[in-house]
Structures are given as C-alpha cells and as structure tokens.
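**Q** Below is one structure. I have some questions about it.
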Amino acid sequence: MMDRARELDAADAIAHFRDRFDLPDGVIYLDGNSLGPLPKATRERLHRVVDGEWGEGLIRSWNDADWIGMPQRVGAKIAPLIGAQAHEVIACDSVSVNLAKLIGAALSLNPGRNVVLSEPGNFPTDLYMIQGDARVAQRLANREAMIDALDESVALLLLTHVHYKTGEMFDMTALTKAAHDVGAIVLWDLSHSGGAVPVNLNGAGADLAVGCGYKYLNGGPGAPAYAFVAERHHDNFSQPLTGWMGHAQPFAFSDEYEPAQGVKRLLAGTPPVLAMAALESGVELIAEIGVDALVAKSRALSGFFLDCLVSSVRGEAVEPRTDAQGSSFDKLRTNGWDLNLVSPRDPVARGSQLSFQHENAYALSQALIARGVIGDFRDPDILRLGFAPAYLRFVDIAESARHLAEVLDNGEWQEPRFQERAAVT
Ligand SMILES: Cc1ncc(COP(=O)(O)O)c(C=O)c1O
0 MMDRARELDA ADAIAHFRDR FDLPDGVIYL DGNSLGPLPK ATRERLHRVV DGEWGEGLIR
60 SWNDADWIGM PQRVGAKIAP LIGAQAHEVI ACDSVSVNLA KLIGAALSLN PGRNVVLSEP
120 GNFPTDLYMI QGDARVAQRL ANREAMIDAL DESVALLLLT HVHYKTGEMF DMTALTKAAH
180 DVGAIVLWDL SHSGGAVPVN LNGAGADLAV GCGYKYLNGG PGAPAYAFVA ERHHDNFSQP
240 LTGWMGHAQP FAFSDEYEPA QGVKRLLAGT PPVLAMAALE SGVELIAEIG VDALVAKSRA
300 LSGFFLDCLV SSVRGEAVEP RTDAQGSSFD KLRTNGWDLN LVSPRDPVAR GSQLSFQHEN
360 AYALSQALIA RGVIGDFRDP DILRLGFAPA YLRFVDIAES ARHLAEVLDN GEWQEPRFQE
420 RAAVT
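Following numbering that gives the first Met the number 0, the numbering of the sequence shown begins with 0 at its first residue and continues without gaps.
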C-alpha cells in the first residue's frame, strides 16, 4: 500500500499546503477534527498583532487595525465555506454560547411554540443548551423517527450536521424542508462540517447555524466560533444575550438596549482580538485551499485508510453488515480484531472521519498515541480518527493503518500504561 500511497501523494494537487502547517516530527495527526494544528502564518500573525498592534498601537488599534470589525470580517471569510453570504455570518463566542443565543432567536421567530427537537446522542452541549433554556420543552427523536416527530408545536429543529462520534451526515436539504413544512425553524451545528464537507446553508434554505473555529478551521485552542442567520430573518430576530457590542451604537453608551442590524446583533461582549487574529489566519488558509479540493481529498484519504486496513486483515474475511437497529450504515467487522466501523461506508454520507467501535477503544487510542499516531477516544468505546485533508499525506494514512493493525495484532494496547484515563480524552 505504501507504493500506492506515494503515487497518490505525487498526484495530489493540494499536497504542498502541508508545508504551510507547523507539524511536529514523528507525529501523524489524525485529530484535526478536534483541534486543528498550527498554521505557520498564524505564528507570524500573532507576533504582528502582539508586538505591533497591541504593543505599539495600544488602544488606537481598535480603529487603526480594525479590531472592532473583526467579528464581521472573519465571519465574511467563513461564509463561502458554508454556502452563506458574507453579511450572514459572524465570528464570536463559543459554539455553546452561540447555541444559547440562536435557540433564543428561534423562539423569537416562532412565537407561541416552545418545543425544540433534537436527537439523543447529539453533542452534549447542544442538548444542555436546550435544557438550560427555561422556556423550552425538549423533544428527542432517533434519526429514523425525526421527520415524524416534527409537528406544529416544534419551534426549532436543532441538529448537528456531521455527528461527532460516528461521522454520520444528515441530509440538510431534506430535513430543513421537512421542518419548514410544519413551520419550524432549523439550526444546524456545523462544528464537524465547516471546511471539511460540502455545506450550502442557503441552498438548503437553512435558517440558523453555528460552527466551531478550532477544528477544521485551525483557529487555535478555544478559538471563537461562528454563527449564521439567514438574511430573511435579519429584521425580525432577537437574542437573549443583549450585550453592548450587539447594540446599534455601542459607543453612544445609552441606557436603553437597541439591537444592531443583522448578525451584529449576536455580539455580546468585546471580541477576543488575539484569538480572532489566529482564527482569521486559519480561515484564510482553508479558504485559499478551497472546500472542493479539501472535500475530494478528505474522501480519498478516509477511503484509502479503509483499503489499507482491510488489506492488513489476515484470516477471516471483512464483511459489511447492517446494524441491528436497521441504521443506514454498514459495519465492518474484522473478525480477528473485533473492530467495527461505525461510520458510513459511503464517503459521501460521512464527515471527514472514521470511527471504530472496540471494547478497549481508549487503550487502543493510547497505544496509537505512543506510536505517534494521534487520534482520540469518545466514551464509551469509540476510536475516532480524523482525516483533515489540508496537511495529511497518503503515506501518513498507510502508516497509521499499519500501526493500528500492528497494535491490534500484537495486543500492545493491553499494557497497563494504556489503561489510565487523563482528564481530556
Ligand atoms: C458538534 C459540536 N458542537 C459543539 C462543540 C463545542 O463547542 P464549544 O466548545 O465551542 O462550545 C463541539 C466540540 O467538540 C462539537 O463537536
């Protein structure tokens, strides 16, 4: 498989972008779906912002370096990656905080309704934010029952487009339409989508969206998130975190709140300039590579990983089979290893990741990390490998599949040092 990997790398039109990232030697990084690596330009950008704009410019930089315009400027750069118009996206706060604001926005757009529909097993913060809004009644439905669970009491359908654990992707257009048919608003969490899979919010008729800055956008640890509100709602929505930066005239210092126009209304407090600068640099790099090329390579990488893994199986055959619950994806069982693929086999139906169920997935992930292959673990039994296309090579994929096969074959994961759990998994 290594020869094939070299051929694929030689033919890869975006291979050279790997040099734009600072990647440590001896590491194969399969966790860009959790924390993207450091773009070299970001280090330089932060030096400029710290030494020049902050150190020299001091408070003048709010105007001179347009710090004040950063949330809109960075939002506008994210917009083409998610099929939005520039003035529909703003970069601010965390995904969690933006969820709270947009749940409030949905209620304001749909007065008289209070049900928020989501799925069990959605990313916890999405569910917690629903549960934390005292006005809301939460309703959960499994994927197969989602459309039936939509009725005229539903104010908001809140779903994560690409599932963080399994990588399964919802049909954004179909679900948005089904929600609109009963008069519900739709909010998409794009945390595992933006910069990695095709997203066309306006093409799908979406109302609201949020997404993460520190995963595929490589904005740095704890980077600001982004929020989208479709233009048709700009005049009519309100949101509960009515801070001064979302005021029509923050520097008029008036006693009465008056919302700014459009997505600027989503701002609450002062933008974190250093974090915004890092996010802007990450977004510029992803935009320069282009989503189409990223998506095509992401699918090729994860498909190649499966080919490599399957080619290392000795003995019993690898068989796709259908999940007992009748779910839409097949499972791949490598009999000797007891490793089940829980991501869809069809690359078009999944995000930029492959997730494997294994009884000892945590120890497996630790044994891989000790070999320099960094993926992660999601409780209780999922080994998650992310295939961020901006910097991974096909040779990395062949190598990481070989490491996984070896760790499974020789039982290395059973060593006691791989059993202890750290605070962050
Ligand atoms: C789907 C999804 N939503 C939200 C979050 C958390 O976002 P934040 O930490 O910015 O609140 C994550 C983090 O991994 C996620 O995967």
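Heads up, the beta-carbon is just placed ideally off N, CA and C, and yes, glycines get one too. Because the structure is a prediction, the values reported are computed rather than measured.
With DSSP as the reference, please indicate the residues paired to Leu258 in a beta bridge.
**A** According to the sequence as given, residue 258 is Pro; it is not Leu. For Pro258, which the question treats as bridged, DSSP gives the partners His246.
**Q** Cα-Cα, which of Gln130, Ser301, Thr269 is closest to Asp479?
**A** Shown here, the chain extends from 0 to 424; a query on residue 479 therefore has no answer.
**Q** Could you check where the beta strand (DSSP E) with Gln137 kicks off and where it finishes?
**A** Gln137 -> beta strand (DSSP E) spans 136-139.
**Q** Give me the DSSP bridge partner(s) of Phe227.
**A** Val88, Ala208.
**Q** Can you tell me which of Gly194, Lys263, Ala229 puts its alpha carbon nearest to the alpha carbon of Ala247?
**A** For Ala247, the nearest C-alpha among the options comes from Lys263.
**Q** Per DSSP, which residues does Leu156 bridge with? Please list them.
**A** Answer by DSSP bridge pairing, in chain order: Leu116, Val185.
**Q** What are the start and end residues of the beta strand (DSSP E) that includes Arg5?
**A** From DSSP, Arg5 is part of no beta strand (DSSP E) but of the alpha helix (DSSP H) over 1-9.
**Q** Could you check if Leu57 is buried or exposed, using at least 16 other CB atoms within 10 Å of its CB as the buried criterion?
**A** It counts as exposed.
**Q** On the criterion of 16 or more Cβ atoms from any shown chain inside 10 Å, does His191 qualify as buried, or is it exposed?
**A** His191 should be labelled buried.
**Q** My output table needs one value for Ser354: the three-state DSSP class, helix, strand or coil.
**A** Ser354 falls in the strand class under three-state DSSP.
**Q** Going by DSSP in three states, Ile27 sits in which element: helix, strand or coil?
**A** Strand.
**Q** Decide if Tyr28 is buried, meaning its Cβ has at least 16 other Cβ atoms within 10 Å, or exposed.
**A** With 16 or more Cβ atoms within 10 Å of its Cβ, Tyr28 is classed as buried.
**Q** Between the Cα of Phe355 and those of Tyr256, Asp337, Val347, spot the shortest distance and give me the residue it belongs to.
**A** Of the candidates Tyr256, Asp337, Val347, the one whose C-alpha sits nearest the C-alpha of Phe355 is Asp337.
**Q** What are the start and end residues of the beta strand (DSSP E) that includes Phe169?
**A** That residue, Phe169, is in no beta strand (DSSP E); it is neither H nor E in DSSP.
**Q** Can you tell me whether Phe252 is buried or exposed? The criterion is at least 16 other CB atoms within 10 Å of its CB, across all chains shown.
**A** Exposed, by the Cβ-count rule.
**Q** Just to confirm, does Val94 get its C-beta within under 7 Å of one of the non-hydrogen atoms of ligand 1?
**A** For ligand 1, at least one heavy atom lies less than 7 Å from the Cβ of Val94.
**Q** Distance, Cα to Cα, Pro38 vs Lys296?
**A** Near 19 Å, if we compare the C-alpha coordinates of Lys296 and Pro38.
**Q** Should Phe417 be counted as a contact of ligand 1 given a C-beta to heavy atom distance under 7 Å?
**A** Checking the Cβ of Phe417 against ligand 1 gives no.
**Q** For the structure I just gave you, are there three or more beta carbon pairs, one from the segment 102-112 and one from the segment 129-146, closer than 8 Å?
**A** Because the criterion of three Cβ pairs below 8 Å is met, the segment 102-112 and the segment 129-146 touch.
**Q** Using a threshold of 8 Å, state whether the C-beta atoms of Arg17 and Tyr390 are closer than that.
**A** It is a contact, given that the beta carbons lie within the stated cut-off.
**Q** Three or more C-beta pairs under 8 Å: does that hold for the segment 40-48 against the segment 153-168?
**A** With the cut-off at 8 Å, the segment 40-48 and the segment 153-168 do not touch.
**Q** Please state whether DSSP places Ile373 in a helix, a strand or coil.
**A** Looking at Ile373 - three-state DSSP - the assignment turns out to be strand.
**Q** Determine contact between the segment 152-162 and the segment 11-25, defined as no fewer than three beta-carbon pairs at a distance below 8 Å.
**A** No: the two stretches stay apart, fewer than three of their Cβ pairs being nearer than 8 Å.
**Q** In the DSSP assignment, find the alpha helix (DSSP H) that holds Asn201 and state where it starts and stops.
**A** Run containing Asn201: 200-203, per the alpha helix (DSSP H) assignment.
**Q** With distance defined between alpha-carbon atoms, name the residue in Leu149, Leu300, Arg383, Gly54 nearest to Leu7.
**A** When each option's Cα is compared against that of Leu7, the closest is Leu300.
**Q** Spatial neighbours of Gly302 within its chain, please: CB distance less than 7 Å, with the 5 preceding and 5 following residues excluded, ordered by chain position.
**A** Hits under 7 Å: Pro346.
**Q** Near Asp188, what residues of its chain come up, given a Cβ to Cβ distance below 6 Å and the 5 sequence neighbours on each side ignored?
**A** Asp125, Thr159, Val209, listed in sequence order.
**Q** Could you check if Ala183 is buried or exposed, using at least 16 other CB atoms within 10 Å of its CB as the buried criterion?
**A** Ala183 should be labelled buried.
**Q** From Asn201 to Asp63, what distance separates their C-alpha atoms?
**A** Each residue's Cα considered, the two are about 34 Å apart.
**Q** Where Leu273 and Gly194 are concerned, what is the direct C-alpha to C-alpha distance, given to the nearest angstrom?
**A** Looking at the two C-alpha atoms, the distance is approximately 22 Å.
**Q** For Met1 and Ala9, I'd like the C-alpha separation in whole angstroms.
**A** Straight-line Cα distance between these residues: approximately 12 Å.
**Q** For Phe250, count neighbouring C-beta atoms within 10 Å of its own C-beta (all shown protein chains included) and say buried if the count is 16 or more, exposed if not.
**A** Result: exposed.
**Q** Count the other C-beta atoms from every protein chain shown that fall within 10 angstroms of the C-beta of Glu398, then say buried if there are 16 or more, exposed otherwise.
**A** Buried, since its Cβ has 16 or more Cβ neighbours within 10 Å.
**Q** Starting from the C-beta of His232, find all residues in its chain whose C-beta is less than 7 Å away, skip the five residues before and the five after it, and write them out in chain order.
**A** Result list for His232: Leu108, Asp206, in chain order.
**Q** Does ligand 2 have a heavy atom nearer than 7 Å to the CB of Tyr163?
**A** Among the ligands modelled here, namely ligand 1, ligand 2 does not occur.
**Q** Can you name, in chain order, every residue of its own chain whose Cβ lies under 7 Å from the Cβ of Ile146, other than the five neighbours on each side?
**A** For Ile146, where only same-chain residues beyond five positions count, the Cβ hits under 7 Å are Ala177.
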